[in-house]
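Undergrad: Take a look at this one; I'll ask things after.
2 protein chains.
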Amino acid sequence: MSQRYTDLDKSININHGSGGRLMHEFINKHIAQKLQNGILEKFDDSAILKNAAGKRIAMSTDSYVVSPLFFPGGDIGSMCVSGTVNDVTTSGAVPYTMSLSFILEEGVDLEVIDKIIDSIAKVAKEADIKIVTGDTKVVEAGKGDQIYINTCAIGFIDDDVNISTYNATVGDSVIVTGPIGNHEVAMLKAKQMIDFEIDTVSDVAPLNKLIENVLSKTKKINVIKDPTRGGLASALIEICDHSNCEIVIKEKDIPVDKDVAAVCELIGYDPLYLANEGKFIIICNADVTDTVLQSLGPNAKLIGTVTSKDNPQLTMETLSHGRRRIGMLETSQLPRIC
Amino acid sequence: MSQRYTDLDKSININHGSGGRLMHEFINKHIAQKLQNGILEKFDDSAILKNAAGKRIAMSTDSYVVSPLFFPGGDIGSMCVSGTVNDVTTSGAVPYTMSLSFILEEGVDLEVIDKIIDSIAKVAKEADIKIVTGDTKVVEAGKGDQIYINTCAIGFIDDDVNISTYNATVGDSVIVTGPIGNHEVAMLKAKQMIDFEIDTVSDVAPLNKLIENVLSKTKKINVIKDPTRGGLASALIEICDHSNCEIVIKEKDIPVDKDVAAVCELIGYDPLYLANEGKFIIICNADVTDTVLQSLGPNAKLIGTVTSKDNPQLTMETLSHGRRRIGMLETSQLPRIC
Chain U
2 MSQRYTDLDK SININHGSGG RLMHEFINKH IAQKLQNGIL EKFDDSAILK NAAGKRIAMS
62 TDSYVVSPLF FPGGDIGSMC VSGTVNDVTT SGAVPYTMSL SFILEEGVDL EVIDKIIDSI
122 AKVAKEADIK IVTGDTKVVE AGKGDQIYIN TCAIGFIDDD VNISTYNATV GDSVIVTGPI
182 GNHEVAMLKA KQMIDFEIDT VSDVAPLNKL IENVLSKTKK INVIKDPTRG GLASALIEIC
242 DHSNCEIVIK EKDIPVDKDV AAVCELIGYD PLYLANEGKF IIICNADVTD TVLQSLGPNA
302 KLIGTVTSKD NPQLTMETLS HGRRRIGMLE TSQLPRIC
Chain G
2 MSQRYTDLDK SININHGSGG RLMHEFINKH IAQKLQNGIL EKFDDSAILK NAAGKRIAMS
62 TDSYVVSPLF FPGGDIGSMC VSGTVNDVTT SGAVPYTMSL SFILEEGVDL EVIDKIIDSI
122 AKVAKEADIK IVTGDTKVVE AGKGDQIYIN TCAIGFIDDD VNISTYNATV GDSVIVTGPI
182 GNHEVAMLKA KQMIDFEIDT VSDVAPLNKL IENVLSKTKK INVIKDPTRG GLASALIEIC
242 DHSNCEIVIK EKDIPVDKDV AAVCELIGYD PLYLANEGKF IIICNADVTD TVLQSLGPNA
302 KLIGTVTSKD NPQLTMETLS HGRRRIGMLE TSQLPRIC
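Protein sequence lines correspond, in order, to chains U and G.
Just add 1 to the spot in the first sequence (first one is 1) and you have our numbering.
Just add 1 to the spot in the second sequence (first one is 1) and you have our numbering.
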């Protein structure tokens, strides 16, 4: 008996997902106490929220299956809050509340879960979003990978904001908020797939406050998109398709950190396809380019222009002044990086 | 090469989760075409929704790890829509939109996924809820179990509705909408853990239209709760705790189908703890008991009363006219039933 109770305190057991006493105690002690905000700890099946009267609602979800769980610069916890906050922010919404669901593998250490939930609490505070509802399921050992997390967030959009991947127009400026590829290279390090010393850490971060700042200066933002899986190239191609336009970017202007460039060179990766977790593509009217760049700070760069309608494609002016069409990522460079 | 492309058409490959072309094609063909509703197929990272001005918003999430995926009366698809619709309905909200996220195991047959998505589309139509945003991740074989699904729904609550597990008051009637235990017994059958013939099928169903009908007759509903994992007993105990009250139920009045009772007798299960996927506990003012029962139809039964304040416990008057206190489920009777 004492053995059994010792184990229950240290690692996840199938009964932690049963709907019974053990599950209630686990959720109370390990989750709710750390995330309390006046709504979550009511433990109703459905959280009840105030409504910003009349404003449009943005809704977005993501599942996180990142492996390993902890990596330079972040972990699955910081990622699951940042990612969903950022997705909602891409519609120009101010994130309001989110859900948090765990699929736990039997045997995972409670210490690991505690560390992840601490990280979730920290980033939720930083992003100023309330976690208001959640769910916990447990699967047998060998039917998961320690912990998978799903989050879903909603936010409200001000009436004078109109941002969508369908809104790029000819003449618009294409900006990226900082150097690309750091997240995927940090994951390569975490997966021990590179054996030389680099300082790169993941860029995982919630960007909602950054965008609130930009929108307080100008509303002439037409598109915001996060270049996660598939990288900058895939995200820009999606914008070209949705807005039915051509975008031309200049290779020389695309910010890539030295270490990221070195890794790409060595192992034959293209930074354009590397995943990011704390960067946005921002497409704005040309006349507010400087305002936007100033609001975003020194890491943001103007990388291109929306050049024409009706021929949806992404073109890059290369360092050697050639032009080439950029295609979508064909196969994964690296699985389970988010 | 031809082998590779044949496989990609028949089963899930790690590249279906890469963010690249293959993932876009998969989502388009197998998911979006079946679920289109004018919002989902925009493929923005965040769905933009109209707002029912001023109304409170209900938000709820659930992950589904049910095994096997198909069972008498339903599948993980019907379950993932019904469950989340029902959770939102327990707050008295009218469900509005939902998210849909898949964690797919490499190697799962596309035929299986297609069948599940057909089922999702059918129940979403029945419940009149729009699936507006989603996500797809792929994990390696042996790191999942074919398919896990997460859903998150929001709904709007009319101003004159005030329903919560904190609202049971002394004198209230306790009603259950139909016979209990059918879902878990259907899962026992599906798991081949009983080897005799029974007709029991899962009760999985969305109950929002039923509740809309009740609320059109009376607003004196104080609590709605779905007795899923942990069953009727655990759900009632949660209400006792939240509302700080005693509830007394009568064993003779609790509806249990003959086959479910027989299974419980034979294998020593208690129907009070069996999971349901299409039943609600409804607690209402005593003076509207008949109105509520009539709106719910002939399967609904009055099973008890809220008897006193400040002594939160669940008591059952047994068939032999004794009284016993009912505790929370201690350990899982059966894992992964939802």
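A virtual CB, placed ideally from N, CA and C, is assigned to each residue, including glycine.
None of the values given here were measured: they were computed from a predicted structure.
(1) Just to confirm my understanding: we take E239 (chain U), look at its own chain, exclude 5 residues before and 5 after, and list those with CB closer than 8 Å. What are they?
(2) Name, going along the chain, the residues of the stretch 40–62 of chain G whose beta-carbon falls closer than 8 Å to a beta-carbon of chain A.
(3) Any idea what DSSP makes of F71 (chain G), helix, strand or coil?
(4) With 16 as the cutoff for other CB atoms within 10 Å, does I268 (chain U) come out buried or exposed?
(5) Is I13 (chain U) near the ligand ATP, in the sense that its beta carbon is under 8 Å from a heavy atom of that ligand?
(6) Is V186 (chain U) helix, strand or coil by DSSP?
(7) Based on the DSSP secondary-structure assignment, which residues constitute the bridge partners of V224 (chain G)?
(8) Which residues, in chain order, does the stretch 280–293 of chain G contribute to contact with chain U at a C-beta distance below 8 Å?
(9) Excluding the five sequence neighbours on either side, which residues of its own chain have a C-beta within less than 8 Å of the C-beta of L23 (chain U), listed in chain order?
(10) Could you give the C-beta distance for L275 (chain G) and G145 (chain G), rounded to a whole number, given that I count them as a contact under 8 Å?
(11) Can we say the stretch 53–61 of chain U touches the stretch 32–52 of chain G, given the rule of at least three CB pairs closer than 8 Å?
(12) Rounded to whole angstroms, what's the CA-CA distance from V224 (chain G) to L41 (chain G)? Just pull it up for me.
(13) Going along the stretch 151–184 of chain U in order, which residues come within less than 9 Å of chain G, judged by CB to CB distance?
(14) In three-state terms, what does DSSP make of L335 (chain U)?
(15) DSSP has S61 (chain G) in a bridge; who is on the other side?
(16) Using a Cβ-Cβ cut-off of 7 Å (strictly less than) and excluding sequence neighbours within five positions of D129 (chain G), which residues of its own chain qualify?
(17) Just to confirm, is the Cβ distance from I222 (chain U) to L297 (chain U) under 9 Å?
(18) Check the Cβ of E331 (chain U) against every Cβ in chain G and list those closer than 7 Å, keeping chain order.
(19) Quick check on the DSSP output: the beta strand (DSSP E) that includes S136 (chain G) runs from which residue to which?
(20) Could you check if D45 (chain G) is buried or exposed, using at least 16 other CB atoms within 10 Å of its CB as the buried criterion?
(21) Cβ atoms of V186 (chain G) and D260 (chain G): under 9 Å apart, would you say?
(22) Is V140 (chain G) close to chain U, meaning its C-beta is less than 9 Å from at least one C-beta of that chain?
(23) Compute the Euclidean distance between the alpha carbons of V205 (chain G) and P96 (chain U), then round it to the nearest angstrom.
(24) Secondary structure at F27 (chain G), three-state DSSP: helix, strand or coil?
(25) Quick check on A94 (chain G) - is its C-beta less than 9 Å from some C-beta in chain U?
(26) First and last residue of the alpha helix (DSSP H) that includes S165 (chain U)?
(27) If you measure between the beta carbons of S100 (chain U) and T137 (chain U), is that distance less than 9 Å?
(28) Just to confirm, is the Cβ distance from P73 (chain U) to A191 (chain U) under 9 Å?
(29) Short of 6 Å in beta carbon distance, which residues of its chain neighbour G279 (chain U), apart from the five on each side in sequence? Order them along the chain.
(30) Which two residues bound the contiguous beta strand (DSSP E) that contains I102 (chain G)?
(31) Does the Cβ-Cβ distance between G231 (chain U) and M329 (chain U) come in under 9 Å?
(32) How is the alpha helix (DSSP H) around R37 (chain G) delimited, first residue to last?
(33) In the DSSP assignment, the alpha helix (DSSP H) including K210 (chain G) goes from what residue to what residue?
(34) Evaluate A94 (chain U) with the Cβ neighbour count: other Cβ atoms within 10 Å of its Cβ, from every protein chain shown; 16 or more gives buried, anything less gives exposed.
(35) Quick one: which chain U residues come within Cβ less than 8 Å of K226 (chain G)?
(36) Run down chain G in chain order and give the residues with a C-beta less than 7 Å from the C-beta of D136 (chain U).
TA: Quick answer:
(1) Same-chain partners within the cutoff: T166, K226.
(2) No chain A appears in the structure shown, which is made up of the protein chains U and G.
(3) If DSSP states are grouped into helix, strand and coil, F71 (chain G) belongs with the strands.
(4) Taking all protein chains in view, the Cβ of I268 (chain U) is surrounded by fewer than 16 other Cβ atoms within 10 Å, so the residue is classified as exposed.
(5) The ligand ATP is not part of the structure shown, which contains no ligands of any sort.
(6) In the three-state reduction of the DSSP assignment, V186 (chain U) falls in the helix class.
(7) Note: V224 (chain G) sits in a beta bridge opposite G:I284.
(8) Within the stretch 280–293 of chain G, no residue has a Cβ that lies closer than 8 Å to any Cβ of chain U.
(9) Same-chain partners within the cutoff: L9, N14, N16, H17.
(10) About 27 Å separates the beta carbon of L275 (chain G) from that of G145 (chain G), a gap too long to meet the 8 Å contact definition.
(11) With the rule of 3 Cβ pairs closer than 8 Å, the stretch 53–61 of chain U counts as touching the stretch 32–52 of chain G.
(12) About 33 Å.
(13) Going along the stretch 151–184 of chain U in chain order, one finds N151, T152, C153, A154, I155, G156, F157, I158, S165, T166, Y167 with a Cβ nearer than 9 Å to chain G.
(14) When secondary structure is reduced to three states using DSSP, L335 (chain U) falls in the coil class, being assigned neither helix nor strand.
(15) DSSP links S61 (chain G) through a beta bridge to G:A154.
(16) Cβ neighbours of D129 (chain G) within its own chain (closer than 7 Å, five residues either side excluded): none.
(17) For I222 (chain U) and L297 (chain U), no; Cβs fall outside 9 Å.
(18) By Cβ distance, chain G contributes G21, R22.
(19) Here residue 136 (chain G) turns out to be Asp, not Ser, going by the sequence shown. Counting along the chain, D136 (chain G) sits inside the beta strand (DSSP E) bounded by residues 131–140.
(20) Counting Cβ neighbours within 10 Å, D45 (chain G) comes out buried, since at least 16 surround it.
(21) Going by C-beta atoms, D260 (chain G) is nearer than 9 Å to V186 (chain G).
(22) It does: the Cβ of V140 (chain G) has a partner Cβ on chain U nearer than 9 Å.
(23) Their Cα atoms are separated by approximately 33 Å.
(24) The answer is helix: DSSP assigns F27 (chain G) an H, G or I state.
(25) For A94 (chain G), the answer is yes, since a Cβ of chain U falls inside 9 Å of its Cβ.
(26) S165 (chain U) -> no alpha helix (DSSP H), and no H or E assigned at all.
(27) No, the Cβ-Cβ distance between S100 (chain U) and T137 (chain U) is not below 9 Å.
(28) Result yes, Cβ atoms of P73 (chain U) and A191 (chain U) sit closer than 9 Å.
(29) Closer than 6 Å at Cβ, skipping near neighbours: D204, V205, A206.
(30) Reading off the sequence shown, one finds Ser at residue 102 (chain G), where the question assumed Ile. Segment 95–106, the beta strand (DSSP E) holding S102 (chain G).
(31) A contact, by the Cβ cut-off of 9 Å.
(32) Here residue 37 (chain G) is Gln; the residue named in the question, Arg, does not match the sequence. Taken as a continuous stretch (DSSP letters only), Q37 (chain G) belongs to no alpha helix (DSSP H), as it is neither H nor E.
(33) Unbroken alpha helix (DSSP H) run through K210 (chain G): 209–218.
(34) Buried, by the Cβ-count rule.
(35) In chain order: D46.
(36) D136 (chain U) reaches chain G at T62, D63, S64, counting residues in chain order whose Cβ is nearer than 7 Å.
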